[in-house]
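Undergrad: Using the working numbering, read the sequence shown as starting at 2 and increasing by one per residue.
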Amino acid sequence: MLDLKLIRENPEVVRRAIEVKHVDLNLDELLEADRYSLDLEKKIMALNTESNANAKKFGKATPEEREALKERGRDINAEITALTPQLQEARDRLAALMLEVPNIPAEFAPIGESEDDNVVIKSWGEPRHFDFPPLDHVQILENHKWADFQRIAAVSGSRSYSLRNEAVLLEFALLRFALEKMMAKGFTLASVPSMAREYTFMGQGMFPKARDQVYSVPEDDIYLAGTSEVALNSLHKDEILSESELPILYGGFSACFRREAGSSGRDVRGLIRVHQFNKVEQYVLCKNDSEESAAWHQKLLNTSEEILQALELPYQVVECCTGDMGLGKFRMNDINSWVPSEGKYRETHSCSSLHDWQARRTNLRYRGEDGKVRFAHTLNNTALATPRIMVPFLENHQQADGSISLPAALQPYMGGLQKLG
2 MLDLKLIREN
12 PEVVRRAIEV
22 KHVDLNLDEL
32 LEADRYSLDL
42 EKKIMALNTE
52 SNANAKKFGK
62 ATPEEREALK
72 ERGRDINAEI
82 TALTPQLQEA
92 RDRLAALMLE
102 VPNIPAEFAP
112 IGESEDDNVV
122 IKSWGEPRHF
132 DFPPLDHVQI
142 LENHKWADFQ
152 RIAAVSGSRS
162 YSLRNEAVLL
172 EFALLRFALE
182 KMMAKGFTLA
192 SVPSMAREYT
202 FMGQGMFPKA
212 RDQVYSVPED
222 DIYLAGTSEV
232 ALNSLHKDEI
242 LSESELPILY
252 GGFSACFRRE
262 AGSSGRDVRG
272 LIRVHQFNKV
282 EQYVLCKNDS
292 EESAAWHQKL
302 LNTSEEILQA
312 LELPYQVVEC
322 CTGDMGLGKF
332 RMNDINSWVP
342 SEGKYRETHS
352 CSSLHDWQAR
362 RTNLRYRGED
372 GKVRFAHTLN
382 NTALATPRIM
392 VPFLENHQQA
402 DGSISLPAAL
412 QPYMGGLQKL
422 G
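1. Would you report the Cα separation of W125 and V374, rounded to the nearest angstrom?
2. Quick check for students: name the residue ranges of the beta strand (DSSP E) that lie wholly in the region 69-126, counting only runs of 3 or more.
3. Which residues in the same chain have their Cβ closer than 8 angstroms to the Cβ of Q359, if we skip the five residues on either side of it in sequence?
4. Considering S195, what are the terminal residues of the alpha helix (DSSP H) in which it resides?
5. For I273 versus L309, is the C-beta spacing smaller than 8 angstroms?
6. Assuming contact is defined by CB atoms lying nearer than 8 angstroms, are L225 and S195 in contact in what I supplied?
7. Closest to E20 by C-alpha separation, out of T63, E114 and A34, would be which residue?
8. Just tell me which of D371, L175 and R332 has its CA closest to the CA of N279.
9. Indicate whether the contact test is met: 3 or more Cβ pairs, each with one atom in the region 211-231 and one in the region 280-287, closer than 8 angstroms.
10. Under three-state DSSP, which class holds A56?
11. In terms of alpha-carbon separation, which member of I390, T304 and Y346 lies closest to G252?
12. Classify K6 as helix, strand or coil using the three-state DSSP reduction.
13. Could you round the C-beta distance between E320 and P111 to whole angstroms and report it? I think they count as a contact, below 8 angstroms.
14. Between L98 and L7, is the Cβ-Cβ spacing less than 8 angstroms?
15. So, under 8 angstroms CB-CB, Y162 and P315 are touching, yes? Tell me the CB distance rounded to an integer number of Å.
16. How long is the line joining the alpha carbons of N397 and V15, rounded to whole angstroms?
17. Just the Cα atoms here: how many angstroms apart are Q399 and P135?
18. Does P86 pass the burial test, meaning 16 or more other C-beta atoms within 10 Å, or should it be called exposed?
19. Check whether chain D comes within 8 angstroms of H298, counting only Cβ atoms and requiring the distance to be less than that.
20. Applying the criterion that 16 or more other CB atoms from any shown protein chain within 10 Å of the CB defines a buried residue, is V121 buried or exposed?
21. Taking W339 as part of the beta strand (DSSP E), name the residues at either end of that continuous run.
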């Protein structure tokens with residue numbers, strides 16, 4: 002969330018962020034809720050002050066004056082009793098509205114409505130031109146008996162998959178490669194549960210807006226996370242770290258679950274847009290400093306690019322527009338990898354800077370060298386997600402004889418094999 006003081010002092014800036022991010026929020030309603038809450042606080046404070054003053058007068062008062070003071074004391078208590086639940090209700094209303102306030106996007110962020118308005122800022126590699134009829138990833142997997150889609154759908158429902166034999170080894174080789182990359186970059190590897198409490202989703206920013214994307218287990222008051230960022234972002238909740246402990250770098254790993262509500266009929270073939278997947282996530286908690294935050298954003302982006310380059314996959318980096326970057330993002334870059342069967346680039350990574358928007362929700366703080374306590378900045382980016390990355394991987398590396406060539410960087414994780422099939 003944003004600083005309430007910032008909202009009060011810069012309502013037009015916040016109003017513009019609401020507009021360009023296409024958020025359904027009436028800022029005037031929030032400001033009125035804030036004013037009403039403040040008015041109630043002042044009334045209760047004034048009543049408490051009067052009550053204390055009456056108590057001080059009581060000892061020196063005459064019997065007649067004491068009776069009047071008692072009567073006024075009863076009236077004050079009654080007024081405070083009546084106003085207190087009103088104040089709590091007002092605060093709850095304001096807190097709910099604050100959760101819907103978007104972060105103010107970077108000045109250079111493209112203004113737009115959807116991913117169609119994102120801007121390509123970098124390309125690497127050339128889309129491959131095949132001298133044979135290329136197959137899509139589903140055909141490749143089925144030809145080698147590396148996956149089962151039909152039987153597992155009967156067991157687990159649509160958008161599920163079961164990899165087999167070499168495809169299983171390939172998935173774990175890709176994940177191991179990404180994890181070791183994270184460790185080499187100085188990240189602390191952390192495997193985290195896929196289950197998390199509601200407050201973690203509130204802190205991360207998934208709730209309240211995107212509840213329909215999350216699987217829940219009501220009887221246990223638990224939810225299934227779509228990224229390890231959910232858990233990582235709450236590991237230091239309510240702590241006050243020292244500035245010397247920052248930055249904190251986590252290379253998170255977890256199974257991930259997404260309902261993909263509203264995407265029926267879109268991008269659901271094979272390994273695309275499945276309900277369960279595995280992901281290595283980059284997460285950074287750093288000082289509240291725009292320049293340092295920007296530097297980490299670039300480092301996270303560079304790491305993902307290094308992974309794709311090592312896997313020899315053509316990609317594009319895009320600057321995400323305001324309508325596509327999400328509620329809490331200050332800046333967002335997607336990396337889209339080339340999918341030959343579709344003749345287009347498809348998102349495989351998403352790098353986000355949230356400044357202190359997320360930290361305020363989760364209460365992530367540190368004490369600076371000057372002794373002041375500040376909210377930290379948070380950032381995250383995909384290192385590698387499977388099985389999605391296997392779509393461009395299999396299609397780009399297929400050979401005329403049906404085999405799949407393995408890039409040199411991945412061969413040590415596949416027992417030295419140079420190809421599969």
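No residue lacks a Cβ here, since even glycine has one placed at the ideal position from N, Cα and C.
TA: So, from the data block:
1. 42 angstroms
2. 120-125
3. G204, Q205, G206, N234, G329, L365 and T379
4. Note, S195: premise wrong, no alpha helix (DSSP H); not H, not E.
5. no
6. yes
7. E114
8. L175
9. yes
10. helix
11. T304
12. helix
13. 6 angstroms
14. no
15. Not quite, the Cβ-Cβ distance comes to about 24 angstroms (not below 8 angstroms), so this is no contact.
16. 44 angstroms
17. 8 angstroms
18. exposed
19. The question asks about chain D, but that chain is absent: this structure has only one protein chain.
20. exposed
21. R332 to V340
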